[in-house]
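All remarks here apply to the structure that follows.
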Amino acid sequence: DMTKPNFGLAALQAGLLASQVDELIFNAWDPHWGRKLTYFESFLVGIRNAVDFCATAYQRPRITFVSSICAVGDWPIFHPINPAIPEAVVWDNRSAMPHGYGESKCVAEQVLAKAHEVSGIPVNIVRAGQIGGPSQSSVGTWPRQGWLYSIILASSKLGVFP
Numbered sequence: 001d002m003t004k005p006n007f008g009l010a011a012l013q014a015g016l017l018a019s020q021v022d023e024l025i026f027n028a029w030d031p032h033w034g035r036k037l038t039y040f041e042s043f044l045v046g047i048r049n050a051v052d053f054c055a056t057a058y059q060r061p062r063i064t065f066v067s068s069i070c071a072v073g074d075w076p077i078f079h080p081i082n083p084a085i086p087e088a089v090v091w092d093n094r095s096a097m098p099h100g101y102g103e104s105k106c107v108a109e110q111v112l113a114k115a116h117e118v119s120g121i122p123v124n125i126v127r128a129g130q131i132g133g134p135s136q137s138s139v140g141t142w143p144r145q146g147w148l149y150s151i152i153l154a155s156s157k158l159g160v161f162p
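First residue of the sequence shown? That's 1 in UniProt numbering, and the numbers climb one at a time after it.
Printed below as a string of structure tokens:
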């Protein structure tokens, strides 16, 4: 449970994990653009708990965070003189797309950058595009609330693809 310190593990389990892990990949996020920032609080708590865990782990594991272009998608609007989106953490919160998903990804990037600055935890931030679901339907499904799923579904019903 990412919302709990040490992921809700007993002290012995957490200690064993902390002695063996060398990288933590944080790819858990609800891709729902219609939610407000407050909806994503549990994900941000998870980021903070991941930072705390890695800061005390024996090998100082790297945190690789799968972010989104939504974290900085409005950068060109607020920075028209230099509209190219930086490949670095952005501290101008207006640059996040104006929905909870983008705002929360922006905040998470900032938390991780500050954690790296303060405690030296190695951090990678990847602003990935669409990440697909599993190749076998028996182990999960593609998120149905995303734009790509809607286009594929509509295209199959209409018999044309945009």
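Ideal Cβ positions, reconstructed from N, Cα and C, are used throughout, including at glycine.
Between A71 and the set A154, T56, V90, the nearest pair of CA atoms involves V90. N27 carries a coil assignment under DSSP once its states are collapsed to helix, strand and coil. The beta carbon of F161 sits closer than 7 Å to those of S155, all from its chain and outside the five residues before and after it, given in chain order.
Distance from the Cα of F43 is smallest, within the candidate group V118, A28, F7, for A28. The segment 53-72 and the segment 116-132 touch, with three or more beta-carbon pairs separated by less than 8 Å. In this structure, the alpha-carbon of A96 lies about 12 Å from that of Q110.
The segment 22-40 makes contact with the segment 99-108: 3 or more CB pairs, one atom from each, lie closer than 8 Å.
In the DSSP annotation of this structure, the continuous segment of the alpha helix (DSSP H) that includes A55 starts and ends at 41-56.
Residues of the same chain with a CB within less than 8 Å of the CB of D22, apart from the 5 flanking positions on each side, are Q59, P61, R62 in chain order.
Distance between P5 and L16, taken at the CA atoms: about 15 Å. In the assembly as shown, D74 is a buried residue. Its beta-carbon has 16 or more other beta-carbons within 10 Å. By the neighbour-count definition (other C-beta atoms within 10 Å, threshold 16), I151 is an exposed residue. Secondary structure note for V123: its beta strand (DSSP E) is the uninterrupted segment 123-128. Here V51 has A115 as same chain residues with Cβ atoms under 6 Å from its own Cβ, once five neighbours each way along the sequence are excluded.
Comparing C-alpha distances from I69 to each of A10, C106, Q20, E117 shows the shortest one belongs to C106. In the three-state scheme derived from DSSP, where H, G and I count as helix and E and B as strand, F65 is classed as strand.
Note on geometry: alpha-carbon atoms of T56 and R48 lie some 13 Å from one another.
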